[in-house]
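Residue numbers (my numbering): 12 to 338. Idealized CB from N, CA, C, for every residue including glycine. The model shown is predicted, which means the values in this text are computed figures rather than measured ones.
Here it is in structure tokens:
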């Protein structure tokens, strides 16, 4: 085993915005650390951290080593606080690698005797400590084109691909930020009863959201007047303290909106990113409407992304456009 001279840790990686940590965490050098009194084995600690899109604690330098050791002693009221660090190697002759994939350039360990950086054996338990590279923190609402009165099964399948693409964008965004948010549609699914206060869900809850089949046969159609009014009055529950955004996903050309529009920014959705999906010719053909060649999201000029194939690359383009707007 490998023993860190001042401390032994278990933790997870948190993604934080604007050089600040989540409330209750500690910024040490280039990483944010959070703490828990949960006692887990090395493997269970690592698996738990990965399940919430985080990594075991990472230590890059002496400053983090010393400050973290002091913080652990104070938090756990112990002169020798024990916790896991996210450092391991696949074999005895292999190089050590941190749980976030970075190489172990800085070390301060006693004589190594195993493949994991622990105090005793890999079956023992220690407290959980988490570290975090500073990343943007965002709260985003995904609004998806779902309305079409008298919709048939083929159209439902098409709309479901748009819904799945929205979740793919959310997953991509979560990989690059500390993400919370929610999903809605133009037709106003009955799953959301309070649009004055959108619930801010963790990524795990966001990812598990089901397809709102009840929102695919509404009569609001493409009138954005009510949508725009709702967004102007809406807020987040709990109130968002990070960067807020609206990802507006539409398959319809501008002509279908009847002169109504959304706004380029809102009090609770600072950045508005439009995403065109489906292709305008396909939309016109489906609704037996002559194709005019004019397609956009009314009220938005930039940023607007065209997602042709609803692919991972398309999702990455949406996320990058959003990240470009962050302060």
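Check, Outcome
"The stretch 264-272 touching the stretch 240-254, judged by at least three CB pairs closer than 8 Å", "no"
"Bridge partners - residue 255, DSSP secondary structure assignment", "150"
"Residue 288 and residue 260 closer than 9 Å at C-beta", "yes"
"Per-residue DSSP class, three states only, for residue 195", "strand"
"Beta-bridge pairing of residue 210 - partner residues as DSSP gives them", "248"
"Pair within 9 Å by beta-carbon distance, residue 103 and residue 115", "no"
"Bridge partners - residue 287, DSSP secondary structure assignment", "261, 317"
"Paired residues, beta bridge with residue 108 - DSSP", "99, 114"
"Buried or exposed by the 16-neighbour rule on C-beta atoms within 10 Å, applied to residue 339", "Residue 339 lies beyond the range of the chain shown here (12 to 338); nothing can be said about it."
"Identified DSSP bridge partners for residue 282", "256"
"Bridge-paired residues (DSSP) for residue 268", "For residue 268, which the question treats as bridged, DSSP gives no partner whatsoever."
"Inter-residue spacing [alpha-carbon to alpha-carbon] between residue 69 and residue 325", "32 Å"
"Under the three-state DSSP convention, the category residue 330 falls into", "helix"
"Residue 150 beta carbon less than 9 Å from that of residue 8", "Residue 8 lies beyond the residue range present for the chain, which begins at 12 and ends at 338; the question has no answer from this structure."
"Buried or exposed by the 16-neighbour rule on C-beta atoms within 10 Å, applied to residue 137", "Model confidence at residue 137 stands at a pLDDT of 49, short of 50, so the residue's coordinates are unreliable; what they give is reported in the following sentence. Buried, because 16 or more other Cβ atoms sit within 10 Å of the Cβ of residue 137."
"Contacts around residue 236, its chain only, beta-carbon distance under 8 Å, and the 5 residues preceding and following it disregarded", "271"
"Close beta carbons around residue 312, own chain, < 6 Å, minus the five adjacent residues each side", "none"
"Rounded straight-line distance, which links the Cα of residue 179 to that of residue 280", "20 Å"
"C-alpha distance - residue 234 paired with residue 217, whole-angstrom precision", "27 Å"
"Cα-Cα separation between residue 320 and residue 78, rounded to whole angstroms", "48 Å"
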